[in-house]
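A.B. asks: Here my numbering runs 276 ahead of the position in the sequence shown, where the first position is 1.
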Amino acid sequence: MKRICRCHGMSESCSVQTCWTQLSDFREIGNYLRGKHDQAQKLDVDRKRMRAGNSADNRGAVVDAFGGVAQTELLYLEDSPDYCRRNTSLGLYGTEGRECVQHADGLTPWERRSCRRLCHECGLRVDERRADAVSSCNCKFHWCCTVNCDHCSQVVVTHKLLSGPIIPNWSLSRMQMSPDTSKRARGRAPRRSRIEVHVASEAFGNKLSFLHGKS
277 MKRICRCHGM SESCSVQTCW TQLSDFREIG NYLRGKHDQA QKLDVDRKRM RAGNSADNRG
337 AVVDAFGGVA QTELLYLEDS PDYCRRNTSL GLYGTEGREC VQHADGLTPW ERRSCRRLCH
397 ECGLRVDERR ADAVSSCNCK FHWCCTVNCD HCSQVVVTHK LLSGPIIPNW SLSRMQMSPD
457 TSKRARGRAP RRSRIEVHVA SEAFGNKLSF LHGKS
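Written out as structure tokens, the structure reads:
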């Protein structure tokens, strides 16, 4: 909470003032709590004494445990589990075998770093897999009442998190390309995707059939 005041009156002396408390900005509150979380202290206590009952001795143990800690500090009793590893007793499935997103349209900076967060920070490696997928495309409605579609194939790239040695520089982004690599990339003719080549070949074949029938 923060205190906000506003002056009233004709002069600038602020003879009349109205003040109220208001929540701080959401980002400011989040940063404050994140800092407290990072600086949290682990509390070592005798749990048997604290669970023994409501007695004078137990109250003394609680006072001794919390006496040197300010009320604004965060405390914790147990270390957090390793979310990278599978632990069925805690309901944790780990990150091995999961898919991460490397390249896609409309990704936020946080989503672009999903492979690094889920994989590299957990000691895993990224395995890139390519597969041909066939889907319907160029669908047209014909009266009445059918829909005819072409079958287009495209290469689907997925990235899975696997155990094993980490391969450095697995992601070669445009900003990470060396001068020689970028020069070769600029000098090379652009490749058309398989879906474009497939559709273009079908369109060319249809045009030849039409001309042959017309002649």
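Backbone N, C-alpha and C fix where the C-beta goes; we use that ideal spot for every residue, glycine too.
Keep in mind that this is a model prediction, so the values were computed, not measured.
Within the continuous alpha helix (DSSP H) that includes LEU245, where are the two ends?
C.D. replies: Because the chain in this structure spans residues 277 to 491, residue 245 falls outside the shown range and cannot be described.
A.B. asks: The beta strand (DSSP E) that contains ASP403, what's its start and end?
C.D. replies: Residue mapping note: residue 403 aligns to position 127 of the sequence shown, counting from 1. That run of the beta strand (DSSP E) goes 401-418.
A.B. asks: Which of the three DSSP states is assigned to LEU394 in this structure?
C.D. replies: Along the sequence shown, one-based indexing puts residue 394 at 118. Note: LEU394 maps to helix in three-state DSSP.
A.B. asks: Who are ASN363's beta bridge partners in DSSP?
C.D. replies: In the sequence shown, the residue the question calls residue 363 occupies position 87. According to DSSP, ASN363 bridges with LEU368.
A.B. asks: Please identify the residue among SER412, VAL432, SER429 whose C-alpha is closest to the C-alpha of VAL423.
C.D. replies: Translated into the one-based positions of the sequence shown, residue 423 becomes position 147. It is SER412 whose Cα lies nearest to the Cα of VAL423.
A.B. asks: Helix, strand or coil: which one does DSSP assign to SER300?
C.D. replies: Locating residue 300 in the sequence shown gives position 24, where the first residue counts as 1. DSSP places SER300 in coil when its eight states are reduced to three.
A.B. asks: Put LEU309 into one of helix, strand or coil per three-state DSSP.
C.D. replies: Taking the first residue of the sequence shown as 1, we reach residue 309 at position 33. The answer is helix: DSSP assigns LEU309 an H, G or I state.
A.B. asks: Identify every residue that forms a DSSP beta bridge with THR492.
C.D. replies: Outside the shown range of the chain (277 to 491) lies residue 492, about which nothing can therefore be said.
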